[in-house]
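To start, the structure itself, in structure tokens.
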Amino acid sequence: MDFSTLRELAEGNSWMAIWPELSMGCLALLLLVLETLLPRRAHSRIPMVSILAQLGILAALLANLRIPEHPAFNGLLAVSSLGQLMRVFFVVSSLLVSILGRANLPAQGVPRVEFHHIVLVVAAAMMLLVQSRNFVMLFVALETVTVGLYILVSYYRSNPRTLEAGLKYLVMGALSSSLLLFGIVLLYGVAGSAGMAARTSQAMYYPGLAAFLAANPHDFMASAGIVLVLSGLAFKIGAVPFQIWVPDVYQGAPTPVTAFLAVASKAAGFIVLLVLVTQVFAPYRWLVGPILALMAAATILFGNLAALKQNNVKRLIGLSGVSHAGFILLAVASAGQAPGAVGAVYFYLIAYLIASFTVFGVMTVLAGPDDTVQDLGDYAGLAKRSPFLAGVLACGLGSLAGIPPLAGFMGKFLVFTVAFRAGHYGLLAVAIAGVVVSIYYYFGWIRVAYFSDEAPITKVMESRVAGAGMTLRVAVALLAAASIVLGFYQGPLGLLLAR
Amino acid sequence: MTTLPLDPLLLSVAAPLSVAAAIALGVPKRVVVKLAYLGFAVPALVALFAWWSFGGAAKEAHGYAFVSSYQTGLGALGIGLKLGLNGISLPLFVLAGVVGLAAGLYALQSTAERMKTYLLLLLVMQAGLMGMFASVDVFFFYFFHELALIPTFILVGIWGGRDRRYAAMSLSVYLTLGAMLSLLGLIAIYVKSGATSFDLMTLRDTLASRPLGEVTQTHVYGLLLFGFGILVSLWPFHSWAPLGYGAAPSSAAMLHAGVLKKFGLYGLVQIALPLLPLGSFHWAHSLAALAGIGNVVVIGLVTMAQRDLKQMVGYSSVMHMGYAFLGIAAGSVLGVGGVVMLMVAHGLSVALLFLLATSIYHRTDTFDMFQMGGLAQRAPVLMALFVTATFASVGLPGFANFWGELPIFFALWQFSHALTLVALSGTVISAVYGLRAAARVFFGPQTEELRRFSERKPTGDLTWGERIPALILIAALLFIGVWPKSLSTGIDRALYGEPPAAAATR
Numbered sequence: 078m079d080f081s082t083l084r085e086l087a088e089g090n091s092w093m094a095i096w097p098e099l100s101m102g103c104l105a106l107l108l109l110v111l112e113t114l115l116p117r118r119a120h121s122r123i124p125m126v127s128i129l130a131q132l133g134i135l136a137a138l139l140a141n142l143r144i145p146e147h148p149a150f151n152g153l154l155a156v157s158s159l160g161q162l163m164r165v166f167f168v169v170s171s172l173l174v175s176i177l178g179r180a181n182l183p184a185q186g187v188p189r190v191e192f193h194h195i196v197l198v199v200a201a202a203m204m205l206l207v208q209s210r211n212f213v214m215l216f217v218a219l220e221t222v223t224v225g226l227y228i229l230v231s232y233y234r235s236n237p238r239t240l241e242a243g244l245k246y247l248v249m250g251a252l253s254s255s256l257l258l259f260g261i262v263l264l265y266g267v268a269g270s271a272g273m274a275a276r277t278s279q280a281m282y283y284p285g286l287a288a289f290l291a292a293n294p295h296d297f298m299a300s301a302g303i304v305l306v307l308s309g310l311a312f313k314i315g316a317v318p319f320q321i322w323v324p325d326v327y328q329g330a331p332t333p334v335t336a337f338l339a340v341a342s343k344a345a346g347f348i349v350l351l352v353l354v355t356q357v358f359a360p361y362r363w364l365v366g367p368i369l370a371l372m373a374a375a376t377i378l379f380g381n382l383a384a385l386k387q388n389n390v391k392r393l394i395g396l397s398g399v400s401h402a403g404f405i406l407l408a409v410a411s412a413g414q415a416p417g418a419v420g421a422v423y424f425y426l427i428a429y430l431i432a433s434f435t436v437f438g439v440m441t442v443l444a445g446p447d448d449t450v451q452d453l454g455d456y457a458g459l460a461k462r463s464p465f466l467a468g469v470l471a472c473g474l475g476s477l478a479g480i481p482p483l484a485g486f487m488g489k490f491l492v493f494t495v496a497f498r499a500g501h502y503g504l505l506a507v508a509i510a511g512v513v514v515s516i517y518y519y520f521g522w523i524r525v526a527y528f529s530d531e532a533p534i535t536k537v538m539e540s541r542v543a544g545a546g547m548t549l550r551v552a553v554a555l556l557a558a559a560s561i562v563l564g565f566y567q568g569p570l571g572l573l574l575a576r
Numbered sequence: 013m014t015t016l017p018l019d020p021l022l023l024s025v026a027a028p029l030s031v032a033a034a035i036a037l038g039v040p041k042r043v044v045v046k047l048a049y050l051g052f053a054v055p056a057l058v059a060l061f062a063w064w065s066f067g068g069a070a071k072e073a074h075g076y077a078f079v080s081s082y083q084t085g086l087g088a089l090g091i092g093l094k095l096g097l098n099g100i101s102l103p104l105f106v107l108a109g110v111v112g113l114a115a116g117l118y119a120l121q122s123t124a125e126r127m128k129t130y131l132l133l134l135l136v137m138q139a140g141l142m143g144m145f146a147s148v149d150v151f152f153f154y155f156f157h158e159l160a161l162i163p164t165f166i167l168v169g170i171w172g173g174r175d176r177r178y179a180a181m182s183l184s185v186y187l188t189l190g191a192m193l194s195l196l197g198l199i200a201i202y203v204k205s206g207a208t209s210f211d212l213m214t215l216r217d218t219l220a221s222r223p224l225g226e227v228t229q230t231h232v233y234g235l236l237l238f239g240f241g242i243l244v245s246l247w248p249f250h251s252w253a254p255l256g257y258g259a260a261p262s263s264a265a266m267l268h269a270g271v272l273k274k275f276g277l278y279g280l281v282q283i284a285l286p287l288l289p290l291g292s293f294h295w296a297h298s299l300a301a302l303a304g305i306g307n308v309v310v311i312g313l314v315t316m317a318q319r320d321l322k323q324m325v326g327y328s329s330v331m332h333m334g335y336a337f338l339g340i341a342a343g344s345v346l347g348v349g350g351v352v353m354l355m356v357a358h359g360l361s362v363a364l365l366f367l368l369a370t371s372i373y374h375r376t377d378t379f380d381m382f383q384m385g386g387l388a389q390r391a392p393v394l395m396a397l398f399v400t401a402t403f404a405s406v407g408l409p410g411f412a413n414f415w416g417e418l419p420i421f422f423a424l425w426q427f428s429h430a431l432t433l434v435a436l437s438g439t440v441i442s443a444v445y446g447l448r449a450a451a452r453v454f455f456g457p458q459t460e461e462l463r464r465f466s467e468r469k470p471t472g473d474l475t476w477g478e479r480i481p482a483l484i485l486i487a488a489l490l491f492i493g494v495w496p497k498s499l500s501t502g503i504d505r506a507l508y509g510e511p512p513a514a515a516a517t518r
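Read top to bottom, the protein sequences are chains A and B.
Heads up: the first sequence begins at 78 in this note's numbering, then just goes up one per residue.
Heads up: the second sequence begins at 13 in this note's numbering, then just goes up one per residue.
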């Protein structure tokens, strides 16, 4: 028998290259082991173990931020500095979701360890997802993420709205996965079919497919495959016309999971999209460019206009998240035409992570017994009762609205600059209209928290604010500070992204 | 480079910001007040120091003195904090320092609720204002403007008077639109010029050797003109201004109308005119028509019809911006120099008027001029100061405003005879509403409402706490009015060194 192929594969394994993912996975298993071994009264301490261990992983990652770009596992993955940055991104997300979950789950009566377990697994899968350079790898990682999120979205299973959200997410997720898969199959099939120029059996790998597409820049089947892959990804990032699930699922999902969906899941989708658009689909710019531009314009307009009339803050943040997806799409659409577009996407995502989790942190504090019902009215008089939380909330919302000196402004500024460079003048006009509209609802929220002097401080708010844990307070304070600092001093991050 | 151990311009930004940070971190109230005095005084002292030593200071390219730069991490994009002052930014830097001090002192003596937060926001605003005029980097110029703008929304929303929520909202939406358009214009200059840096010196050098095409210049200047125009209340995009000023607490109105609003004009004079001369030439006639007929005559007549004192001051400020736009449209060195003088003079006088209007309100409990009258008997000092402020605002010789309006009229005569006559009619209008307001408020018999209010709450003349900030502003107005050369030498040097639109096109 010839074992040379297997040996080659085995020699290509580079387990050390994925130590962060492995340690996240091991940590997830450790949590389950701890749950079986420890007595029941000690279970409430397990989330803290998870948080501290993630801090350790984060520190190790930050110490090794700059690494040379190299493939791992025979090209299934590509490890790079930007990949390291995204690993940090996902560890920070899962860390914050754990912190929010630790505060939110007991209040909803489901203080389970498995929640933290799944969050870790999903985060590890997201890390693999953004570094994958092979469609099989991509799909496996994506399904790990999605299946984990199915469970997380319907976690408060006694709540009918949560169950509805879970069902919707399941159906929509399955649909989008199948679209993506169908697109991949079409691309693989056409790239391998006899009679095509430069046909290849390596079409599952990005470089193989990219070489094939470059040789056949106007093939109909390949175009159909590309459109299907883009549609599948558009579901994940919640871009118009595949945004329909966003408000319901964001409202029904537990608040920490909403944050996870809004930030980490969306970011993973965007990085995959960015890699595909710049590295694989580049010869099909004639097709991908207009699709992305159209989607960006529609997404910005829809997200902002639909958010105007929302009263439930989870729906509001969900729809505003749709509009942010539009702004990021603007940068993705400019990628390849303007230098700095990739850096702009990364910076926008980072600013969005910081600002969103700040807002979600405050939302977790003010969430009532029914997690799905959180209205703007709950925020009336917040500034009087807790200037700290109101200030933090204003930082988060201000950064989302994109006002200086907060990080969100820098994100929008970078996006606008690359869009201008790429010559998307019409899209910029739409984007500016979007920003002006968004000011209305973000300030509306801040206004409720700050300007409603008449509103008496209710007992409900009193008890909720008093119940905010120290970990959560420290976390949101750090996030707000990060928003401010990143707004005017980008330091090493700016240098990393500018390369 | 400066020989001082600490960069004075950075200090003028950092001092109020650090005081604001200290307040945010929860310093006790007694210390807060002392720190706040420091936070407002340091920028003013730095501004006066810069004014005093500017003539002798070593100049770098394009007449900038006190230049220093700092990296913030976006060096690869050509963005970095670069501070410096030239002949055009120096007068405005001084304006920001002086009005900031007056507004700060007025706020400190007021009895505003939640005093700590109030001071915090004003200090952030002050830091933004100083940074805005000290920035050589165009990105940070915009950045500091926004830093000062955001507190305005909150100040109006929390401490505002009548209709404050509506005013805060319309202010936010309008001004965000203006800011966004001008941001796009600034990005357009940077990208289209192909310069490697957002720094104004580099932009000027790049565009001097490779000017943009006429079509591009026209489009980009249009973006900047309307973006900045909304921020400066160019007719018909002015409706936020009287509403916002009517609702804003006095110190915020002083800082916004007096200083922050000059951002747009300053941007046009310092950035748009020298960089896009063909664009400014293309738009000159439309701008002059909008400003001359809209701002000066229409708004002038609207101002005459106001009953509300604070709204009247707000409208008059919109009207005076018309003169500034006319000076920019005229495009000659004389006109643009007049605009810079007028910006300073108007900033000082409108801040003074807002301050006095609030002081009048505290003595009459109304802004409605028909319900006032005869206040002169009870508050002679207030009356004297208000009449002085009105004279200054009308443009009487001896006050700084005169040296702003006169060159603009001369420049305008060369540009268009008809518009000069239109603009001159504005001076009559402003004299009518200014003097009529003074007469309504201070002279004649006391109204019934006023008598009842003064029996309920007897208030005397201006306190020293109110007098000092007012006197600071009047002193500045008179000083510049008597000795305009103290500013105009620097302005001349900056403008003749860099010929604006007229020299390039005719």
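Even glycine gets a Cβ: it sits at the ideal position worked out from N, Cα and C.
Residue-level contact check: residue 169 of chain B touches chain A, since one or more beta carbons of chain A fall below 8 Å from its beta carbon. The criterion of a C-beta distance shorter than 8 Å is satisfied by residue 556 of chain A and residue 435 of chain A. Taking 7 Å as the Cβ-Cβ cut-off, the stretch 202–235 of chain A has no residue approaching chain B.
Residue 80 of chain B is bridged by DSSP to B:95. Ranked by how close their Cα comes to the Cα of residue 350 of chain A, the residues A:334, A:368 and A:335 have A:368 in first place. Of the candidates B:456, B:406, B:167 and B:72, the residue whose Cα lies closest to the Cα of residue 440 of chain B is B:406. Among the CB atoms of chain A, none fall inside 8 Å of the CB of residue 145 of chain B. Residue 231 of chain A carries a coil assignment under DSSP once its states are collapsed to helix, strand and coil. Residue A:232 holds the alpha-carbon nearest to the alpha-carbon of residue 327 of chain A among A:232, A:403 and A:291.
Contacts with chain B at 8 Å (Cβ-Cβ) do not include residue 161 of chain A.
Rounded to whole angstroms, residue 240 of chain B and residue 325 of chain A show a C-alpha spacing of 41 Å.
Cβ atoms of residue 320 of chain A and residue 390 of chain A stay farther apart than 8 Å, at about 18 Å. The three-state secondary structure of residue 182 of chain B, taken from DSSP, is helix. Using a CB distance cut-off of 8 Å, residue 572 of chain A counts as an interface residue toward chain B.
Excluding its 5 nearest sequence neighbours in each direction, residue 61 of chain B has C-beta neighbours in its own chain below 7 Å: 20, listed in chain order. Rounded to the nearest angstrom, the Cβ distance from residue 236 of chain A to residue 494 of chain A is 44 Å, too far for a contact under 8 Å. In the displayed model, residue 124 of chain A falls within a helix according to three-state DSSP.
Shown here, residue 295 of chain A sits in coil according to DSSP, grouped into three states, outside any helix or strand.
Counted as a single uninterrupted DSSP element, the stretch harbouring residue 155 of chain A is not any alpha helix (DSSP H) but the beta strand (DSSP E) occupying residues 154–156. Annotation for residue 149 of chain A: no alpha helix (DSSP H) segment contains it, though the beta strand (DSSP E) segment containing it runs 147–149. Taken in chain order, the members of the stretch 198–226 of chain B whose beta-carbon sits within less than 8 Å of a beta-carbon on chain A are 199, 200, 202 and 203. Beta-bridge partners of residue 71 of chain B (DSSP): B:77. Along the length of the stretch 379–461 of chain B, whole alpha helix (DSSP H) runs at least 4 residues long occupy 387–390, 392–406, 412–427 and 429–454, reported in chain order. The residue from A:492, A:460 and A:420 with its alpha-carbon nearest to that of residue 574 of chain A is A:420. Residue 381 of chain B sits close to residue 453 of chain B, with the two beta carbons spaced by under 8 Å. With respect to residue 156 of chain B, residue 137 of chain B sits apart: the two C-beta atoms are not nearer than 8 Å.
Runs of the alpha helix (DSSP H) spanning 4 or more residues and lying entirely within the stretch 118–148 of chain B occur at 127–146, in chain order. Contact check for residue 528 of chain A and residue 162 of chain B: beta-carbon distance about 15 Å, past the 8 Å limit, so the pair fails to qualify. Against chain B, the beta carbon of residue 497 of chain A has neighbours under 8 Å at 196, 199, 200 and 203, listed in chain order. In the DSSP assignment, residue 274 of chain B falls within the alpha helix (DSSP H) that extends over 274–279.
It is roughly 22 Å from the alpha-carbon of residue 311 of chain B to the alpha-carbon of residue 185 of chain B. Out of A:509, A:572, A:247 and A:101, the CA that lies nearest to the CA of residue 381 of chain A is found in A:509. By the Cβ rule, the stretch 56–70 of chain B does not count as touching the stretch 549–568 of chain A, because fewer than three pairs are nearer than 8 Å.
Taken atom to atom, the span from the alpha-carbon of residue 292 of chain A to that of residue 275 of chain A is near 6 Å. Within the model, the alpha-carbon separation for residue 413 of chain A versus residue 188 of chain B is close to 30 Å. Here residue 211 of chain A is bridged, per DSSP, to A:282.
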